[in-house]
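Asker: In the working numbering, the protein residues as written are 271 to 409.
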Amino acid sequence: GVLLCSRKMHSRQMLGLVDWQLLVLFAGLFVVNHALERTGAMENAIATENSDAYYDLNRDFHTRIVAISNNSRLIDFTAITEREVFLFLRRGATSRPRMSNQQHLDILNAIAAGDEAGAARAFETHIITGKQRMLDTLA
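1) Helix, strand or coil: how does DSSP classify Asn379 here?
2) Spatial neighbours of Leu408 within its chain, please: C-beta separation below 6 Å, excluding the five flanking residues on both sides.
3) Along the chain, where does the alpha helix (DSSP H) that runs through Asn328 open and close?
4) For Leu344, which three-state DSSP category applies?
5) When the Cα of Lys401 is compared with those of Gly388, Ser370, Ala383 and Asp322, which residue comes out closest?
6) Let's test the definition: count the other Cβ atoms within 10 Å of the Cβ of Phe347 and tell me whether it reaches 16, buried, or not, exposed.
7) Rounded to whole angstroms, what's the CA-CA distance from Val355 to Leu405? Just pull it up for me.
8) Assuming the contact rule is C-beta atoms closer than 8 Å, Ala389 and Ile377 should be a hit. Round their C-beta distance to whole Å, please.
9) Would DSSP call Gly388 helix, strand or coil?
10) On a CA-only basis, which of Ser342, Ile335 and Thr395 is nearest Ala382? Give me that one, please.
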């Protein structure tokens with residue numbers, strides 16, 4: 271920010287000096303760190319059997335993780351799916367929450383380790399088991 275106030279360099283020159291990949295990495299790490307804090311709060315909600323708090327924290331977790339993917343199709347798909355199946359997602363989110371929260375940690379650990387393939391596998395596992403939890407609420 272201070273560089274932008276300089277009168278000796280043009281803004282374009284200063285912006286060219288910014289390591290954008292590093293900046294995005296740090297932003298992603300802040301999101302991951304916040305998400306890790308949320309998983310701790312989710313554990314607390316599970317321990318106190320506060321399903322409303324768990325659902326809200328779970329929803330926030332998913333929103334943040336999807337947002338850092340920077341995948342517009344995934345972001346749109348998630349928003350549409352959530353609107354369409356809200357009640358089922360709510361029931362499914364509070365069914366077997368410890369397993370779901372462990373899967374959140376698996377996703378975050380893979381992201382933090384820079385393991386893109388591991389994060390994708392953990393995310394896919396979470397989606398598949400989440401779908402099953404949702405279907406189980408219909409039985």
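Every residue gets a Cβ at the ideal spot worked out from N, C-alpha and C, and that includes glycine. Quick caveat: nothing in here was measured; it's all calculated off a predicted structure.
Answerer: This is what the structure holds:
1) The residue you call residue 379 lines up with position 109 of the sequence shown. Here Asn379 sits in helix by DSSP.
2) In the sequence shown, counting from the first residue as 1, residue 408 sits at position 138. Taken in chain order, the list of residues that qualify is empty.
3) Counting from one through the sequence shown, the residue named residue 328 turns up at place 58. Here the alpha helix (DSSP H) through Asn328 covers Ser321 to Ser339.
4) Taking the sequence shown and counting its residues from 1, the one referred to as residue 344 is at position 74. Leu344: helix per DSSP, three-state reduction.
5) Position 131 of the sequence shown, counting from 1, holds the residue named residue 401. The option with the nearest alpha carbon to Lys401 is Ser370.
6) The residue given as residue 347 occupies position 77 in the sequence shown. So Phe347 counts as exposed.
7) Residue mapping note: residue 355 aligns to position 85 of the sequence shown, counting from 1. Residue mapping note: residue 405 aligns to position 135 of the sequence shown, counting from 1. Computed Cα separation, rounded: 11 Å.
8) Here the question's residue 389 lines up with position 119 in the sequence shown. Here the question's residue 377 lines up with position 107 in the sequence shown. Correct: roughly 6 Å between the Cβ atoms.
9) The residue you call residue 388 lines up with position 118 of the sequence shown. If DSSP states are grouped into helix, strand and coil, Gly388 belongs with the helices.
10) Here residue 382 is taken as the residue at index 112 of the sequence shown, counted from 1. Comparing Cα-Cα distances from Ala382 to each of Ser342, Ile335 and Thr395, the minimum goes to Ile335.
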